[in-house]
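This report refers to the structure that appears directly beneath it.
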Amino acid sequence: MFAISAIGLVVLGFMLFSMFVITCIILIPAIFVVEIISGVIYMVSYLASFDIMQGSGIEGAILTPKVEESA
Numbered sequence: 506m507f508a509i510s511a512i513g514l515v516v517l518g519f520m521l522f523s524m525f526v527i528t529c530i531i532l533i534p535a536i537f538v539v540e541i542i543s544g545v546i547y548m549v550s551y552l553a554s555f556d557i558m559q560g561s562g563i564e565g566a567i568l569t570p571k572v573e574e575s576a
């Protein structure tokens, strides 16, 4: 009886440990990667909108028409 419960505890502990390892190795870096990607997208969109408003920079030069030369 004790051997069966010990094997069950070992199996249960191994399952919990594997779940913990999977969580630490896969989920936490995935959360960090998603946060970094969303932050980069937010910064790029913010800078692009700022350049469009100002009419300067690479994005502004591509996306906004040049009114000064046509005048």
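For the sequence shown, my numbering gives the first residue as 506, with consecutive numbering after it.
C-beta atoms are modelled at their ideal positions from N, C-alpha and C, and glycine is treated no differently.
Exercise. Where residue 541 and residue 535 are concerned, what is the direct C-alpha to C-alpha distance, given to the nearest angstrom?
Worked result: To locate residue 541, count along the sequence shown from 1; it is residue 36. To locate residue 535, count along the sequence shown from 1; it is residue 30. Near 10 Å, if we compare the C-alpha coordinates of residue 535 and residue 541.
For this session: Alpha carbon to alpha carbon, how far is residue 533 from residue 519? Give it in angstroms, no decimals.
Result: Within the sequence shown, residue 519 is the residue found at index 14, counting from 1. Within the sequence shown, residue 533 is the residue found at index 28, counting from 1. Spanning the two alpha carbons is a distance of roughly 20 Å.
Problem set entry | 8 Å CB neighbourhood of residue 543 in its chain, flanking five on each side removed | To locate residue 543, count along the sequence shown from 1; it is residue 38. The answer is none, since no qualifying residue turns up.
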